[in-house]
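Here my numbering runs 7 ahead of the position in the sequence shown, where the first position is 1.
Presented below is the structure to which this report refers.
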Amino acid sequence: MSQRSTQLDTLQQALGYRFKNIEFLETALTHTSYSKGDGKGSTHNERLEFLGDAVLELCVSEQIFTRFDNLSEGEMTRARARIVCEASLNKIAREHFLLQEYLLLGHGEDVSGGRDKPSIVSDAFEAVLGAVYLDGGIEAARALVLLFADELLGTVGGSLYKKDHKSRLQEYVQKRRLGMLQYRLVGETGPDHCKVFQMQVLLDEEMIGLGEGNSKQEAGQQAAKAALSKLSTLKLQRKTRKKEKQR
8 MSQRSTQLDT LQQALGYRFK NIEFLETALT HTSYSKGDGK GSTHNERLEF
58 LGDAVLELCV SEQIFTRFDN LSEGEMTRAR ARIVCEASLN KIAREHFLLQ
108 EYLLLGHGED VSGGRDKPSI VSDAFEAVLG AVYLDGGIEA ARALVLLFAD
158 ELLGTVGGSL YKKDHKSRLQ EYVQKRRLGM LQYRLVGETG PDHCKVFQMQ
208 VLLDEEMIGL GEGNSKQEAG QQAAKAALSK LSTLKLQRKT RKKEKQR
């Protein structure tokens, strides 16, 4: 068995999947720099990356939908975007599969640290998933995703907590069809190097939140936070009054 065959065999063991057509895996590991240089004429992995990206989104979406039945569509979309990203895929590809060791890179890309570039490794990982899908179908691809799904999905709670107040407010208002939101700068104080901005958020021209910050963005976020607090309080008050009437 050649050295490359041994490498691919080791990788297949780590993936938990054995290819019927090993060329799919070889293509997934081939960077464009290799196909244009040392491996001139060989097929690179960009098309498989495109396919793998779609397969990954489907499999992760399925897991989020199944495991977190309390999340809205917007929350599921944000959760998926936060966990299916270059940083998380690079981490999984390196730590679970040592994928960087199996890449085929052009000489220049290799000596300049191509194996350490998150973009190259994460793209190759998506290409590998696309290759598994082509070779074994959706069940094989799903089985691969399940190997690291717990690690990815373990961050869902934290990622949702970190979502910005303006997005949360927008979703709250749209879901309940409360009206149109508008942010208005109403003041700024202090010297140029240390300004404090005041921002209002209005719902159908009625002010529902006021915030301050050292940037307009921060002031807007604080205004949205205040508005969410106010709307939540009003909702609680309405529920309380309704219960009192029912007694």
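Where a beta carbon is used, it is the ideal one built from N, C-alpha and C, also for glycine.
Note that the structure is a prediction, hence the values are computed from the model and not measured.
Put simply, the backbone Cα of GLY227 is about 35 Å away from that of ALA61. Unbroken alpha helix (DSSP H) runs of no fewer than 4 residues, entirely contained in the segment 153 to 238, are found at 163 to 168, 172 to 183, following chain order. A residue is called buried when at least 16 other Cβ atoms come within 10 angstroms of its Cβ; CYS92 does not meet this threshold and is exposed.
Taken through DSSP and simplified to helix, strand or coil, LEU22 comes out as helix. Taking C-beta separations shorter than 6 Å and ignoring five residues to either side along the sequence, the partners of THR39 in its chain run HIS51, following chain order.
When only Cα atoms are considered, ALA150 and GLY113 end up about 31 Å apart. Residue pairing by DSSP places LEU111 opposite THR37 in a beta bridge.
Three or more beta-carbon pairs separated by less than 8 Å link the segment 104 to 113 to the segment 124 to 133, which places the two stretches in contact.
Here the C-alpha atom of GLU33 lies approximately 19 Å from the C-alpha atom of LEU96.
A contact is defined here as three or more CB-CB pairs under 8 Å, and the segment 139 to 157 fails this definition with respect to the segment 175 to 185. CA-CA distance, THR196 to ILE215, rounds to 22 Å.
With a contact defined as Cβ atoms closer than 8 Å, GLN205 and GLU219 qualify at about 5 Å. In this chain, the alpha helix (DSSP H) harbouring ASP60 covers 53 to 74.
For GLY81, the enclosing alpha helix (DSSP H) has its first and last residue at 80 to 90.
Non-local beta-carbon contacts of PHE132 in its own chain, meaning distances under 8 Å to residues more than five positions away in sequence, involve GLY59, LEU96, ASN97, ILE99, ALA100, PHE104, LEU106 in chain order. Taking 7 Å as the cut-off, the Cβ atoms of ALA231 and LEU192 do not count as close. Between ARG87 and VAL67, the alpha-carbon positions lie close to 7 Å from each other.
Taking GLY115 as reference, the option from LYS173, ASP45, GLU146 with the minimal CA-CA separation is ASP45.
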